[in-house]
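The letter at position 273 of the sequence shown is residue 272 when you use numbering that gives the first Met the number 0, and the numbering goes up by one with no holes. In what follows, a single structure is set out as structure tokens and then discussed.
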Amino acid sequence: MTYEECFQSGKAVLERAGVQEAALDARLLLEYVCDTDRNTLLAHGEKEVLDSQAGAYESLIEKRARRIPLQHLTGVQEFMGLVFAVNEHVLIPRQDTEILVEEVLRELSDGSRILDMCTGSGCILISLLHFSNHCQGMGVDISGEALRTAEENAVRNGLFLEKAPWEEWGASWDLCGQEKAGICFLQSDLFASVKGKFEVIVSNPPYIPSAVLDTLMPEVREHEPRLALDGHEDGLYFYRKIISGSREHLTGGGRLFLEIGYDQGEAVKSLMEQKGFKDIVIVKDYGGLDRVVSGTLS
Numbered sequence: 000m001t002y003e004e005c006f007q008s009g010k011a012v013l014e015r016a017g018v019q020e021a022a023l024d025a026r027l028l029l030e031y032v033c034d035t036d037r038n039t040l041l042a043h044g045e046k047e048v049l050d051s052q053a054g055a056y057e058s059l060i061e062k063r064a065r066r067i068p069l070q071h072l073t074g075v076q077e078f079m080g081l082v083f084a085v086n087e088h089v090l091i092p093r094q095d096t097e098i099l100v101e102e103v104l105r106e107l108s109d110g111s112r113i114l115d116m117c118t119g120s121g122c123i124l125i126s127l128l129h130f131s132n133h134c135q136g137m138g139v140d141i142s143g144e145a146l147r148t149a150e151e152n153a154v155r156n157g158l159f160l161e162k163a164p165w166e167e168w169g170a171s172w173d174l175c176g177q178e179k180a181g182i183c184f185l186q187s188d189l190f191a192s193v194k195g196k197f198e199v200i201v202s203n204p205p206y207i208p209s210a211v212l213d214t215l216m217p218e219v220r221e222h223e224p225r226l227a228l229d230g231h232e233d234g235l236y237f238y239r240k241i242i243s244g245s246r247e248h249l250t251g252g253g254r255l256f257l258e259i260g261y262d263q264g265e266a267v268k269s270l271m272e273q274k275g276f277k278d279i280v281i282v283k284d285y286g287g288l289d290r291v292v293s294g295t296l297s
């Protein structure tokens with residue numbers, strides 16, 4: 000089979016399965032299997048693929064038709080221009096979450112200590128450390144499997160993975176003589192095991208109301224961790240916990256940044272006001288929907 004024949008066959012299978020962006024996914028899987036790029040496929044569509052490649056492609060198309068996420072088939076997802084390993088233990092990084100990272104970077108001072116609550120793949124914290132100067136950070140998650148993925152991603156993206164507890168190195172990172180940004184991870188039920196204070200706390204917590212979960216696309220409801228999605232009855236459970244707990248772990252004047260659902264801006268702003276935060280801002284995403292709420296600890 001040629002590149003073009005493989006692509007057309009794969010696209011047809013995905014279209015019949017109801018996969019959104021069937022053509023895009025068919026092309027990306029063909030690029031992945033053949034270790035090539037879009038331009039090569041366009042310019043040399045008549046080129047024959049190896050039998051082994053055709054077989055591997057057919058297998059991946061069949062899995063994608065069963066609504067297994069594309070990123071679980073390739074094992075990676077790009078985020079903020081970096082590449083992150085993903086699997087069934089972590090939420091696949093979304094482009095909308097880049098808004099959260101960009102908002103933090105706008106205000107982030109050199110040398111800041113950052114806490115990423117519900118870190119998952121680590122994409123938020125790792126991106127912040129990659130694009131900032133002399134900062135260090137700790138990622139917290141209740142899932143040990145997620146933290147192992149985050150550690151892999153930290154090393155993949157050139158950070159110094161510190162195995163010692165944060166309280167042993169976080170406050171004296173300048174003295175460590177490391178050229179790479181320092182990062183560590185902690186398994187904890189929210190703030191239960193967290194020690195120390197931070198200039199910035201950031202989080203993309205589970206925020207989907209429990210009753211909505213079963214209405215999500217099969218790729219999400221069947222293949223991404225429910226633990227990373229379920230915001231309990233009203234979707235605000237983790238915001239209440241994080242906003243309250245962050246008061247003990249932010250420095251004076253420290254900033255809290257939260258990703259939110261499209262209809263949660265005012266509710267989360269109100270929760271922050273109730274806990275004494277000031278200078279609260281709601282930021283919209285590129286689609287004009289509420290995406291980030293931030294505030295300063297007074």
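Ideal placement from N, C-alpha and C gives every residue a C-beta, glycine not left out. The structure displayed is predicted, hence computed values, not measured ones.
For residue i, which three-state DSSP category applies?
i: residue 141; result: coil
i: residue 106; result: helix
i: residue 243; result: helix
i: residue 182; result: strand
i: residue 250; result: strand
i: residue 10; result: helix
i: residue 158; result: coil
i: residue 286; result: coil
i: residue 174; result: Unreliable placement is indicated for residue 174, whose pLDDT of 44 sits below 50; no coordinate value is reported for it.
i: residue 273; result: helix
i: residue 98; result: helix
i: residue 262; result: coil
i: residue 199; result: strand
i: residue 298; result: With the chain covering 0 to 297 only, the question about residue 298 has no answer from this structure.
i: residue 211; result: helix
i: residue 293; result: strand
Between the beta-carbon of residue i and the beta-carbon of residue j, is there less than 8 Å?
i: residue 291; j: residue 265; result: no
i: residue 111; j: residue 199; result: yes
i: residue 161; j: residue 134; result: no
i: residue 278; j: residue 261; result: no
i: residue 95; j: residue 229; result: no
i: residue 79; j: residue 100; result: yes
i: residue 244; j: residue 296; result: no
i: residue 141; j: residue 187; result: yes
i: residue 9; j: residue 23; result: no
i: residue 138; j: residue 124; result: yes
Which value, in whole angstroms, describes the spacing of the CA atoms of residue i and residue j?
i: residue 57; j: residue 47; result: 15 Å
i: residue 45; j: residue 6; result: 11 Å
i: residue 273; j: residue 242; result: 10 Å
i: residue 287; j: residue 50; result: 47 Å
i: residue 84; j: residue 40; result: 25 Å
i: residue 70; j: residue 54; result: 19 Å
i: residue 25; j: residue 0; result: 15 Å
i: residue 270; j: residue 238; result: 8 Å
i: residue 92; j: residue 62; result: 20 Å
i: residue 18; j: residue 87; result: 19 Å
i: residue 121; j: residue 108; result: 20 Å
i: residue 234; j: residue 52; result: 44 Å
i: residue 250; j: residue 231; result: 29 Å
i: residue 175; j: residue 216; result: Reliability of the predicted coordinates at residue 175 is poor, the pLDDT of 49 falling under 50, and the value obtained from them is presented with this limitation in mind. Roughly 46 Å between the two C-alpha positions.
i: residue 27; j: residue 155; result: 22 Å
i: residue 106; j: residue 97; result: 15 Å
i: residue 298; j: residue 15; result: Because the chain is modelled from 0 through 297, residue 298 falls outside the range shown and cannot be assessed.
i: residue 343; j: residue 37; result: The shown model of the chain, from 0 to 297, leaves out residue 343, and the question about it has no answer.
i: residue 4; j: residue 213; result: 36 Å
i: residue 42; j: residue 2; result: 10 Å
i: residue 68; j: residue 31; result: 14 Å
i: residue 148; j: residue 204; result: 17 Å
For residue i, which option in the options has the closest C-alpha, if you only look at C-alpha atoms?
i: residue 59; options: 21, 77, 197, 93; result: 21
i: residue 82; options: 42, 163, 221, 126; result: 126
i: residue 255; options: 195, 113, 17, 118; result: 113
i: residue 248; options: 226, 191, 206; result: 191
i: residue 116; options: 197, 276, 214; result: 197
i: residue 226; options: 89, 246, 18, 163; result: 89
i: residue 153; options: 119, 166, 168, 132; result: 119
i: residue 131; options: 77, 181, 145; result: 181
i: residue 11; options: 64, 179, 205, 221; result: 64
i: residue 136; options: 151, 143, 168, 246; result: 168
i: residue 143; options: 246, 208, 68, 224; result: 224
i: residue 13; options: 31, 35, 66, 33; result: 66
i: residue 209; options: 222, 293, 35, 236; result: 236
List, from N- to C-terminal side, the alpha helix (DSSP H) runs of 4 residues or more that fit wholly inside the stretch 28–93. 37–42, 50–64, 69–73
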